[in-house]
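Under full-length UniProt numbering, the letters of the sequence shown match residues 279 to 527, in that order.
For reference, the structure is listed below as structure tokens.
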Amino acid sequence: AEVKLAQAKKLEAVGQLGAGLAHDLNNILQVVIARLALLQRRAGSAVDADVEVIRRNVRKAEALTRQLTLLSGRRHHNARPLDLTEIFLSIAEGLRALLAKRHELLIDVEPGLPHIAVDALELEIALTNLVTNARDAMPEGGQVAIGVRQVPRPDGTVSIDIQVRDTGYGMTAELRERAFEPFFTTKEPGKGTGLGLPQVHGFVSASGGSVSVESEPDRGTAVTMSFPIHAEPTNHDLSPRAAHPLRTG
Ligand code: ADP
């Protein structure tokens, strides 16, 4: 089912709040990082281990603020036409690295797809979130299949669908309803933030697309990001010589 409007509004509100919070928090973290370096230089190697722990946790907080920023409307500064074949070639290894040996990763990109105008980094983050969720749904192993294809629509537009499908434990209808809520997670503390699917939704809708989820308990889940593109007129249509004479009768 497509993510509903009320839910989208809620996401937007959280996004605005999150962006402000993330910005302030980030400034604070930068001060902490700077002072930490100073402290280490003054105190010498005796504090190295402690500094390292603090630094690692500050990095985690930084990653969280980045995710919060991604929820907001303040993004997509770098939306530009992307060649999806190229993108997947460059990120495949990174996606593979998220998985374990017991997981199989299949990536199938239809050749010759038209470009879509999105932010490459956000697309990569969205795919990272979806593959991470697929992995977490398959603790015993299984398959993640990413399919990218062109889907013509009756209204003459074409959508580019990027689907991430897993063979994991799936979601109940109730869980599916809540999965896109910011901060909703069923994962252990420290493992889940509940910000993965909201990022996916925020990114896709800001790109003019929509997200849909199909899931069945014990069978698996498929999340599809659907990006609209306008069908390019063919050369034939543009050529004056190809103009058809008006038909009468
Ligand atoms: P997080 O991954 O940090 O929990 P998300 O917003 O990405 O946050 O996901 C929210 C919840 O939706 C997850 O905790 C999980 O319960 C459920 N979920 C998401 N993707 C899947 C999936 N592929 N299979 C089963 N459950 C999923």
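Glycine is no exception: its CB is placed at the ideal position from the N, C-alpha and C atoms.
Annotation: Val325 to Leu367 spans about 42 Å, alpha carbon to alpha carbon. Taking the CA atoms as reference points, Asp361 sits about 28 Å from Thr445. If you look at Ala324, you'll find it isn't in any beta strand (DSSP E); DSSP assigns it neither H nor E.
In the DSSP annotation of this structure, the continuous segment of the alpha helix (DSSP H) that includes Asp414 starts and ends at 398-414. Checking the DSSP bridge columns, you'll see Phe505 partnered with Ile438. In the DSSP annotation of this structure, the continuous segment of the beta strand (DSSP E) that includes Pro430 starts and ends at 420-430. With fewer than 16 other beta carbons inside 10 angstroms of its own, Ile306 counts as exposed.
In the structure shown, Ala378 adopts coil according to DSSP, grouped into three states.
Within 8 Å of the C-beta of Leu346 there is not a single heavy atom belonging to the ligand ADP. Counting the other Cβ atoms within 10 Å of the Cβ of Gln308 gives fewer than 16, which makes it exposed. Considering only Val491, Val482, Pro467, the residue with the shortest C-alpha distance to Glu455 is Val491.
With fewer than 16 other beta carbons inside 10 angstroms of its own, Arg431 counts as exposed. Shown here, Leu360 sits in a strand according to DSSP, grouped into three states. Rounded to the nearest angstrom, the gap between the Cα atoms of Glu418 and Asn407 is 19 Å. Minimum Cα-Cα distance from Arg344 among the listed residues Asp302, Leu377, Ala375, Pro359 corresponds to Asp302. Of the heavy atoms belonging to the ligand ADP, none sits nearer than 8 Å to the Cβ of Ala395. Within 8 Å of the C-beta of Asp414 there is at least one heavy atom belonging to the ligand ADP. Rounded to whole angstroms, Leu401 and Gly470 show a C-alpha spacing of 20 Å. Ala457 has its Cβ nearer than 8 Å to a heavy atom of the ligand ADP.
The beta carbon of Leu475 sits closer than 8 Å to at least one heavy atom of the ligand ADP. Ile507 is the residue among Ile403, Ile507, Ala451 whose C-alpha sits nearest the C-alpha of Ser437.
Annotation for Ser483: the continuous alpha helix (DSSP H) segment containing it runs 474-484. If the five residues before and after Thr347 are omitted, its C-beta is found closer than 6 Å to the C-beta atoms of Ala297, Ala300, all from its own chain and listed in chain order.
At the C-beta level, Pro359 and Ile394 come within 9 Å of one another.
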